[in-house]
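S.K.: Numbering (my numbering), first residue to last: 327 to 613.
Note that the Cβ used here is the ideal one computed from N, Cα and C, for glycine as well.
Dropping the structure in here first, questions after.
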Amino acid sequence: MSDVQEGEPRETPEAVCPTPEPAECWRCGKRFDALAAACPYCRARRAQRVALDSPGAVRESGADIPSIDPTSPVVRLIGFYAVLLATSIVFAMIVRARYPDGIGPDETDRVWLMHATLTLEVIDTVVVLAAWYALRRPGMPHDLRSPARAWMAAGPVLALLLVLNFGYHGLLMHLAASPAEPERMLPGREWLSVVCYGLQPALVEEMFFRGLAIDWFRAVMTTRAALLVSSVMFGLCHIYTPASVPYLIVAGIVFGAARLASGGLLLPMCLHFLHNIVIVLFEHYRA
């Protein structure tokens, strides 16, 4: 016989909300709060599962795979890159139309080229700053526990990269493959040459390709893939010097590895600046 009389309210046990188990990141494999929208370690976005009883639903196999959102930061990043690439193509077309046989040693032509390059860099700077404002997130993940080793290895790595540069472009000259026009300092405009060929690329290009690109691509692909894709984008953005694109992809990998190894942008910016300045000085005093 029940102890509860008929008509009396029955006591129901209070509903207990179970604590969700930590989620496992599909990319880095680390576990984190199941309620978080993205992995706090590598920033990979969590996939949204589709209810299996919904029309046309397909059962997922394996780990969560992120879906592509047309309004996602990665898509917007590619949009900004398309603008940068378009300006490079237009710049190449203008230079080719003005100098179909190549730019000669005349100082007037050199001054025009520098002014045109500065115009291109101003446009690129505005685009990159807009992208930085729209896509930047505070705090970049440190990928190695001992960034001091990255700084110690930077000197030898830069030396090897410069040897590769001189060897590669020397081979192009030997094969008469129309190598990139040497970037030389103009008399009385040395400071402008430093800004044009050294400072601006080191700051702006690293902010976009090693800052935004690697950071966001790592949310949808592996770190190695993000490094490779961002480096190819970096090389293609210099399409106005097509013969140098293969080397620049390699240089992009080196700068990207420096960013990952040091956990920030300062080291790749320094490497990029020194790399460009050494090349400019070499071409200037060799002429």
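Leaving out five residues on either side along the sequence, give the residues of the same chain with a beta carbon under 7 Å from the beta carbon of Pro527.
M.R.: The residues are His598, Asn602.
S.K.: Which residue wins for smallest C-alpha separation from Leu607, given the options Gly590, Phe492, Val580?
M.R.: Phe492
S.K.: Do Ala569 and Leu498 have their CB atoms nearer than 8 Å?
M.R.: In this structure, Leu498 lies closer than 8 Å to Ala569 by Cβ.
S.K.: Less than 8 Å between the beta carbons of Arg536 and Pro594, yes or no?
M.R.: yes
S.K.: For Arg357, which three-state DSSP category applies?
M.R.: Three-state result, Arg357: strand.
S.K.: Quick one: grab the DSSP three-state call for Ala479.
M.R.: helix
S.K.: Can you tell me which of the three DSSP states Ala626 falls into?
M.R.: What the structure shows of the chain is the stretch from 327 to 613, and residue 626 is not part of that stretch, so it cannot be assessed.
S.K.: Can the beta-carbon of Thr451 be found closer than 8 Å to that of Val530?
M.R.: Closer than 8 Å, so yes.
S.K.: Ignoring anything shorter than 4 residues, give me the alpha helix (DSSP H) runs that lie fully in the region 541 to 578, in order along the chain.
M.R.: 549 to 562
S.K.: Buried or exposed for Gly582, going by 16 or more other Cβ atoms inside 10 Å?
M.R.: Buried, since its Cβ has 16 or more Cβ neighbours within 10 Å.
S.K.: Measure from the alpha carbon of Ile605 to the alpha carbon of each residue in Leu487, Val580, Trp517, then state which is nearest.
M.R.: Leu487
S.K.: I need the straight-line Cα distance from Ile565 to Tyr494, nearest angstrom please.
M.R.: If I take the Cα positions, the gap works out to 17 Å.
S.K.: Relative to the alpha-carbon of Arg585, which residue among Arg612, Cys563, Ala552 has its alpha-carbon at the smallest distance?
M.R.: Ala552
S.K.: In whole angstroms, what separates the C-alpha of Leu410 from that of Met559?
M.R.: 10 Å
S.K.: Would a C-beta distance cut-off of 8 Å place Val539 and Leu403 closer than the cut-off?
M.R.: It should be pointed out that residue 539 corresponds to Ala in this sequence rather than to Val. For Ala539 and Leu403, yes; Cβs fall inside 8 Å.
S.K.: For chain D, is any of its Cβ atoms less than 8 Å away from the one on Arg422?
M.R.: Although the question refers to chain D, the structure presented lacks it and comprises just one protein chain.
S.K.: Roughly how many whole angstroms lie between the Cα atoms of Ser387 and Ala360?
M.R.: In this prediction, Ser387 has a pLDDT of 39, which is less than 50 and means its spatial position is unreliable; what the coordinates show is noted afterwards. Each residue's Cα considered, the two are about 20 Å apart.
S.K.: Comparing C-alpha positions only, which one of Gly405, Met478, Ala442 sits nearest to Val454?
M.R.: Gly405
S.K.: Considering Cα atoms alone, identify which of Trp517, Val580, Phe543, Ser414 is closest to Ser398.
M.R.: Phe543
S.K.: In angstroms, rounded to a whole number, what distance separates the CA positions of Val400 and Asp432?
M.R.: Each residue's alpha carbon lies about 44 Å from the other.
S.K.: How big is the Cα-Cα spacing for Asp427 and Thr443?
M.R.: 18 Å
S.K.: Report the residue from Ala349, Gly561, Ile579, Val521 whose alpha carbon sits nearest the alpha carbon of Thr445.
M.R.: Val521
S.K.: Going by Cα to Cα distance, which pick from Leu525, Leu461, Thr413, Asp435 is closest to Leu562?
M.R.: Thr413
S.K.: Using alpha carbons as the reference points, say which of Glu347, Leu518, Glu532, Ala545 lies closest to Ser557.
M.R.: Glu532
S.K.: I think Ala456 touches Phe534, with their Cβ atoms under 8 Å apart; what is that distance to the nearest whole Å?
M.R.: With 8 Å as the limit, Ala456 and Phe534 do not qualify as a contact, their Cβ atoms being about 11 Å apart.
S.K.: Could you compute how far the alpha carbon of Ala408 sits from the alpha carbon of Leu591?
M.R.: 23 Å
S.K.: Determine the burial state of Val421: buried for a count of at least 16 other Cβ atoms within 10 Å of its Cβ, exposed for fewer.
M.R.: buried
S.K.: Could you tell me the alpha carbon to alpha carbon distance between Trp615 and Ala418, rounded to whole angstroms?
M.R.: What the structure shows of the chain is the stretch from 327 to 613, and residue 615 is not part of that stretch, so it cannot be assessed.
S.K.: Run through the DSSP bridge pairs and tell me what Ala460 is partnered with.
M.R.: Partner(s): none; Ala460 has no beta bridge.
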